[in-house]
Structure formats: C-alpha cells, structure tokens
DNA sequence: CTATAATCGGAACCCGAGTTCCGGTTTCGC
DNA sequence: GCGAAACCGGAACTCGGGTTCCGATTATAG
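Residue numbers (the numbering used here), protein chains in the order written: chain H, 188 to 392; chain V, 188 to 392.
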C-alpha cells in the first residue's frame with residue numbers, strides 16, 4: 188500500500204491522499220479542529236498535549252498526522268490564507284468597489300482579532316514554508332481587490348496589497364484578545380475605522 | 188549594612204539605593220545595556236546566558252541584579268515608557284500642535300520598529316507589573332498631546348491616547364525587523380503615513 | 001594592612017514542552 | 001471470520017533555557 192508522506196499530507200493539497208483508513212481521516216480532522224481552537228485561544232504557545240486531549244486523542248496520534256508542531260501550525264495557516272483569499276474573490280464580485288473593499292477588510296479584521304495564533308504567525312514567522320503558496324495567492328487576490336478599488340477612484344493610488352497585509356497584521360497583534368486593545372476593552376473596529384480613513388482618497392472622506 | 192531588596196531596586200525608582208559597591212553599580216548598568224541590545228535584536232526570546240556574555244559577566248551576576256528575566260524586561264520597559272513620556276512632554280513645548288503630534292508619532296514609531304522586544308511586550312504582556320506606573324504616565328502624557336492637537340482642530344475629536352497607543356503597538360509588531368513589513372522590505376513610514384492620514388480631520392487632508 | 005561582607009562566575013540543577021517508541025487495538029481486503 | 005497492515009495511546013525520553021548555589025574574588029571600613 189502506498190502511504191502518504193505525512194509532511195506532504197500535512198500541507199494543503201488534498202489531491203493525492205491515497206487510501207487512508209477511515210478512523211485516521213476522522214482523527215486528522217479532529218486534531219485540526221482542536222488545534223484551531225487551542226491556538227486561537229492560547230496562541231502559538233498552546234501545547235500539543237492539550238490539543239491532543241481536546242481532540243480526545245493521544246499525542247502520538249497528533250504526531251502521526253503532523254510530524255511537528257510547526258507542520259500543524261502551517262496546515263492551519265494555509266487554511267486561513269485560503270479562506271481569506273476566497274473572501275477577496277468574493278469582494279471582486281460585489282457591485283460597489285469601495286463597499287466590497289471595506290467589507291473584505293472588516294471580515295479579515297474580525298478573523299484576525301479572534302485568533303491569537305494566526306496574527307502572530309503572519310506577523311512574526313520567518314517564512315510560511317508549508318503555506319507559502321496560499322500566502323502568495325492571498326496577496327494576489329488582495330491586489331486584485333486593491334486594483335479595482337483604486338480604479339473606482341476611492342482608494343489611494345499608492346496603496347499596495349502588501350500595505351493592506353501589513354496593516355492587518357498590525358491589527359491582529361494589537362487588537363487580539365491579548366493585545367493592547369483587548370486589555371483595554373477596545374475593539375478592532377476603532378483600529379479599522381482609522382485605518383480605512385487613512386486609506387481612502389482624501390477627497391472622498 | 189542595609190541592603191536593597193533587588194526586586195525593588197530592579198524597578199524604576201533610583202531613589203532609595205543605599206550604599207551599593209561601585210563595581211556592582213557599574214555591572215548593573217552593563218547588564219542593562221547588554222540586555223537592551225540583545226532584546227532589541229532577538230526579541231523576548233533572547234537568552235540570559237547571551238546577555239551575560241555580551242555584558243562580559245556571569246549569569247549569576249545578572250540574576251543578582253534582576254531576580255528574574257521578567258524583572259529585567261520590566262526594568263527596560265519602564266525605561267522606554269519613560270523616554271516616550273518625555274518625548275510627549277517635549278511635543279507639548281513645540282509651537283505647531285499638529286507638527287508636534289506627528290513628530291512624536293514619528294519618533295515613537297522609529298523606536299518601536301527598531302526594538303523587537305518592546306513592541307511584543309507592549310502588545311502582548313498581560314500586565315506590566317514593574318512598569319505600570321511608567322505606562323500610566325506615558326498614557327497621560329500622550330493624552331495631553333492628543334488634547335492639544337484636537338484643540339487646534341487638526342486631529343479627529345474622537346481619538347484617545349489609548350487609540351494612539353493601540354495603533355503604535357500594531358506598528359511595532361508589523362513593522363519590526365521580523366514583522367511582516369520587515370520581511371517584505373517595507374519601512375514603518377508607509378504604515379505611519381496611512382495612520383496619520385486616518386487620524387487627521389478629514390477637512391485638513 | 002587586615003578583616004569582613006558584598007560581589008562575582010559559571011557549573012550544575014530543574015522543569016516544562018516537544019518528540020519518540022512500542023505494545024495493544026482497530027480496520028479492511030480476502 | 002482471519003490475518004496483516006495501519007493506527008492508537010500515553011509513558012518515557014530529550015533538550016533547551018531559566019534559575020540556583022557556593023567557593024573564589026574584590027571592594028571598603030577601621
């Protein structure tokens with residue numbers, strides 16, 4: 188029987204998964220779900236043991252599916268990037284460019300602020316080895332939204348997708364549950380409002 | 188001989204330091220300097236051993252002056268907060284309120300972006316036990332600058348000192364040497380420009 | 001100069017968290 | 001059903017990094 192290299196399987200492409208036992212597939216999902224929750228709540232310092240317990244499994248099982256803590260993190264990151272990229276695509280389909288742009292930012296901000304680990308990963312990790320493709324795709328999709336909004340004359344022309352990513356990273360770190368804003372009972376909305384005002388063409392504000 | 192409780196001595200108030208041997212005083216400063224450099228470069232995960240080596244001292248010496256890694260971090264944080272607060276005070280003395288406000292932000296941003304540990308501390312730490320006073324003073328001083336700038340009609344009226352702090356925390360995490368911006372070769376200037384535009388009264392942009 | 005106490009250095013200790021290992025269990029093709 | 005191949009659980013291992021300890025060293029009072 189051909190087995191799947193866990194390293195590859197842990198990445199994103201669900202393409203070549205060959206013949207995995209039913210319980211294994213089920214448990215992989217459990218691990219992923221538990222890990223997402225734990226990382227979101229405790230940040231990257233969430234412990235594998237806790238993830239395993241939350242998933243109702245042993246640590247060994249976690250490690251069989253994801254050879255390393257980093258691999259697990261990357262798998263989740265890839266997931267997130269993918270979702271964000273989808274949202275960017277959806278924004279392209281909305282009628283009003285500026286509205287779409289804001290909506291995209293709003294959804295992203297909400298996601299970022301609710302997940303302590305993700306923002307840290309995005310703003311701190313040296314590279315997203317396992318999620319590099321997804322990250323690139325997200326940036327691309329974001330650029331499309333930026334371009335469209337600029338074409339409508341509502342967004343400053345010098346803004347790039349990288350700027351948006353950078354700003355959203357900042358939002359994640361300072362508005363997350365353990366960030367400065369979180370500690371002072373402020374929401375990410377304030378941050379986003381200021382940011383959006385800064386991005387918009389001066390004559391439209 | 189009355190000895191100084193290291194815990195107290197490690198804080199900020201240099202008031203009651205009674206009779207410390209000259210070499211001890213000298214070494215304390217060395218530790219502080221080395222720690223500042225190491226933390227700035229490597230973030231909070233800089234190691235005590237490395238700090239000691241950089242200071243040309245043994246680890247024991249470091250621990251005699253600062254009973255814990257956290258205490259050391261707090262001492263440095265207090266320092267930083269104090270400097271920032273001074274800058275805020277200086278801003279109050281500059282003639283043009285808006286210029287002064289921007290200058291203050293610019294200096295702060297530069298400091299934040301150059302120090303990996305500081306921004307993490309500010310945006311992530313549960314509480315600044317040892318630096319709580321300094322943090323409060325900084326917030327107060329910042330509020331004064333904000334008030335003055337708002338009075339001049341150049342800064343949006345709903346902005347608070349907390350907003351400014353939150354935004355600068357975000358800048359620190361995403362524009363530091365290891366943040367998103369740093370990895371993409373972007374500077375903190377872009378971030379700050381957008382931010383300032385978002386803070387300014389719409390009719391002045 | 002000498003005594004004494006503060007200070008220094010760094011090897012050793014400790015502990016937490018990621019990772020490995022292997023006997024027992026479950027699934028699936030025949 | 002049956003047996004082999006996967007898979008599971010969780011105790012045990014490893015290792016890095018903060019912290020402690022104590023004999024050697026050095027500064028200061030008298």
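Ideal placement from N, C-alpha and C gives every residue a C-beta, glycine not left out.
Remember, predicted model here, so these are calculated numbers, not experimental data.
Three-way DSSP call (helix, strand, coil) for residue 260 (chain V) in this model = Locating residue 260 (chain V) in the second chain gives position 73, where the first residue counts as 1. If DSSP states are grouped into helix, strand and coil, residue 260 (chain V) belongs with the helices.
Legend entry - Contact belief for residue 262 (chain V) with residue 317 (chain V) at Cβ below 8 Å, rounded distance in angstroms: On the second chain, residue 262 (chain V) is found 75 positions in, with the first residue counted as 1. On the second chain, residue 317 (chain V) is found 130 positions in, with the first residue counted as 1. Sure, about 7 Å apart at Cβ, within 8 Å.
Considering Cα atoms alone, identify which of V:337, V:340, V:291, V:260 is closest to residue 302 (chain V).
Taking the second chain and counting its residues from 1, the one referred to as residue 302 (chain V) is at position 115. Per the Cα distances, V:260.
**Prompt:** Should residue 354 (chain H) be flagged as near chain V, meaning a C-beta pair shorter than 8 Å?
**Reply:** What you label residue 354 (chain H) is simply residue 167 of the first chain in a count that begins at 1. With 8 Å as the cut-off, residue 354 (chain H) counts as an interface residue toward chain V.
List, in order along the chain, the chain V residues whose C-beta lies closer than 9 Å to that of residue 229 (chain H)?
For the purposes of this step, residue 229 (chain H) is taken as residue 42 along the first chain, with counting starting at 1. By Cβ distance, chain V contributes nothing, its closest Cβ being about 13 Å from residue 229 (chain H), past 9 Å.
Quick one: using the 10 Å Cβ neighbour count with 16 as the cut-off for buried, is residue 307 (chain H) buried or exposed?
By 1-based counting over the first chain, the position of residue 307 (chain H) is 120. By the neighbour-count rule (16 or more Cβ atoms within 10 Å), residue 307 (chain H) is buried.
With 8 Å set as the bound, which would you pick, yes or no: does the beta-carbon of residue 295 (chain V) sit closer than that to a beta-carbon of chain H?
Working through the second chain from its first residue, we reach residue 295 (chain V) at position 108. For residue 295 (chain V), the answer is no, since every Cβ of chain H falls outside 8 Å of its Cβ.
Within the same chain, show all residues whose beta-carbon is closer than 8 Å to that of residue 245 (chain V), passing over the 5 residues directly before and after it, in chain order. By 1-based counting over the second chain, the position of residue 245 (chain V) is 58. These residues qualify, in order along the chain: 239.
By DSSP, does residue 244 (chain H) sit in helix, in strand, or in coil? Stepping through the first chain from its first residue, residue 244 (chain H) is reached at position 57. Here residue 244 (chain H) sits in coil by DSSP.
(Q) On the DSSP bridge list, what partners appear for residue 342 (chain V)? (A) Residue mapping note: residue 342 (chain V) aligns to position 155 of the second chain, counting from 1. Residue 342 (chain V) pairs with V:387.
Practice item. Return the chain-ordered list of same chain residues with a C-beta closer than 7 Å to the C-beta of residue 329 (chain V), the five sequence neighbours on each side being excluded. Key: Here residue 329 (chain V) corresponds to residue number 142 of the second chain, with the count starting at 1. Excluding positions up to five away in sequence, the list reads 275, 348, 351, 352.
Tell me whether residue 395 (chain V) sits in a helix, a strand or coil according to DSSP, three-state version.
-> Residue numbering for chain V in the displayed model covers 188 to 392; residue 395 (chain V) lies beyond these limits and cannot be assessed.
**Asked** Taking the runs of the alpha helix (DSSP H) that are 4 residues or longer, which of them lie wholly in the stretch 260-309 of chain H?
**Response** 284-301
*Euclidean distance between Cα positions of residue 214 (chain V) and residue 273 (chain V)*: As a first step, residue 214 (chain V) is located in the second chain; it is residue number 27 there, counting from the start. As a first step, residue 273 (chain V) is located in the second chain; it is residue number 86 there, counting from the start. Roughly 26 Å separates the two Cα atoms.
Comparing alpha-carbon positions, which option in H:368, H:390, H:360, H:380 lies nearest residue 230 (chain H)? As a working note, residue 230 (chain H) is residue 43 in the first chain. Residue 230 (chain H) has its Cα closest to that of H:360, out of H:368, H:390, H:360, H:380.
How would you list, in chain order, the residues of chain V whose beta-carbon sits under 7 Å from the beta-carbon of residue 290 (chain H)?
The residue labelled residue 290 (chain H) in the question sits at position 103 within the first chain. None at all; the shortest Cβ gap to chain V is about 18 Å.
Mind listing the chain V neighbours of residue 382 (chain H)? Cutoff is C-beta to C-beta under 8 Å, in chain order.
As a position in the first chain, residue 382 (chain H) is number 195, starting the count at 1. Within 8 Å Cβ-Cβ: 381, 382, 385.
>> Rounded to whole angstroms, what is the Cα-Cα separation between residue 324 (chain H) and residue 269 (chain H)?
In response: Translated into positions along the first chain, residue 324 (chain H) becomes position 137. Translated into positions along the first chain, residue 269 (chain H) becomes position 82. Their backbone Cα atoms lie some 8 Å apart in a straight line.
Cβ neighbour criterion (16 or more within 10 Å) applied to residue 299 (chain H) | Here residue 299 (chain H) refers to the residue found at position 112 of the first chain. Burial call: buried.
**OP:** Report buried or exposed for residue 199 (chain H), applying the criterion of at least 16 other Cβ atoms within 10 angstroms of its Cβ.
**Re:** Within the first chain, residue 199 (chain H) is the residue found at index 12, counting from 1. Note on residue 199 (chain H): pLDDT 36, under 50, position unreliable in the model; the coordinate value appears next. It is buried - the Cβ of residue 199 (chain H) has at least 16 other Cβ atoms within 10 Å.
| query | Would DSSP call residue 252 (chain H) helix, strand or coil? | reply | What you label residue 252 (chain H) is simply residue 65 of the first chain in a count that begins at 1. Correct three-state label for residue 252 (chain H): helix.
- prompt: Whose CA, out of H:335, H:376, H:222, lies closest to the CA of residue 358 (chain H)?
  reply: The residue you call residue 358 (chain H) lines up with position 171 of the first chain. Selected option, being the one with the closest Cα: H:376.
inquiry  = Measuring only the C-alpha atoms, how far is residue 390 (chain H) from residue 211 (chain H)?
reply    = Numbered from its first residue, the first chain carries residue 390 (chain H) at position 203. Numbered from its first residue, the first chain carries residue 211 (chain H) at position 24. So the two alpha carbons sit approximately 57 Å from each other.
Original post:
If you follow the alpha helix (DSSP H) that residue 416 (chain H) is part of, which residue opens it and which one closes it?
Top reply: In the structure as shown, chain H begins at 188 and stops at 392. Residue 416 (chain H) is therefore absent and cannot be evaluated.
Can you list, in chain order, the residues of its chain with a C-beta nearer than 7 Å to that of residue 188 (chain H)? Leave out the 5 residues immediately preceding and following it. Numbered from 1 along the first chain, position 1 holds the residue referred to as residue 188 (chain H). Residue confidence for residue 188 (chain H) is low, a pLDDT of 32 falling below 50, so the modelled location carries little weight; the figure read from the coordinates is stated next. If we look at residue 188 (chain H) and ignore the five residues flanking it on each side, its Cβ neighbours are 206.
Under 8 Å between C-beta atoms of residue 342 (chain V) and residue 279 (chain V) = Walking along the second chain from the start, residue 342 (chain V) turns up at place 155. Walking along the second chain from the start, residue 279 (chain V) turns up at place 92. In this structure, residue 279 (chain V) does not lie closer than 8 Å to residue 342 (chain V) by Cβ.
- Task: Could you tell me which chain H residues have their CB closer than 8 Å to the CB of residue 377 (chain V), listed as they occur along the chain?
- Result: Here the question's residue 377 (chain V) lines up with position 190 in the second chain. Residues of chain H passing the Cβ test: 350, 353.
Problem set entry | Where the stretch 360-377 of chain V meets chain H: residues whose CB sits under 8 Å from a CB there | 360, 361, 362, 365, 366, 367, 368, 370, 371, 373, 377
My assumption, with CB atoms under 8 Å, is that residue 356 (chain H) sits in contact with residue 367 (chain V). Please give the rounded CB distance. Taking the first residue of the first chain as position 1, residue 356 (chain H) is located at position 169. Taking the first residue of the second chain as position 1, residue 367 (chain V) is located at position 180. With a Cβ gap of about 4 Å, residue 356 (chain H) and residue 367 (chain V) count as contacting.
- Message: Which of the three DSSP states is assigned to residue 322 (chain V) in this structure?
- Response: Counted from its first residue, the second chain places residue 322 (chain V) at position 135. Correct three-state label for residue 322 (chain V): helix.
Q: State the start and end residues of the unbroken alpha helix (DSSP H) segment that holds residue 367 (chain H).
A: As a first step, residue 367 (chain H) is located in the first chain; it is residue number 180 there, counting from the start. From DSSP, the alpha helix (DSSP H) with residue 367 (chain H) extends over 367-370.
*Own chain residues within Cβ distance below 6 Å of residue 255 (chain V), not counting five before or after*: Locating residue 255 (chain V) in the second chain gives position 68, where the first residue counts as 1. Same-chain partners within the cutoff: there are none.
> Roughly how many whole angstroms lie between the Cα atoms of residue 201 (chain H) and residue 253 (chain H)?
Replying inline: Within the first chain, residue 201 (chain H) is the residue found at index 14, counting from 1. Within the first chain, residue 253 (chain H) is the residue found at index 66, counting from 1. Note on residue 201 (chain H): pLDDT 39, under 50, position unreliable in the model; the coordinate value appears next. Whole-angstrom Cα-Cα distance: 14 Å.
Note down, in chain order, every chain V residue with its Cβ under 7 Å from the Cβ of residue 389 (chain H). Locating residue 389 (chain H) in the first chain gives position 202, where the first residue counts as 1. Those within 7 Å of residue 389 (chain H) in chain V are 392.
What did DSSP end up calling residue 373 (chain H) once you bin it into helix, strand or coil?
Here residue 373 (chain H) corresponds to residue number 186 of the first chain, with the count starting at 1. Residue 373 (chain H): coil per DSSP, three-state reduction.
CB contact check: residue 340 (chain V) to chain H, cutoff 8 Å:
Translated into the one-based positions of the second chain, residue 340 (chain V) becomes position 153. It does not: the Cβ of residue 340 (chain V) has no partner Cβ on chain H nearer than 8 Å.
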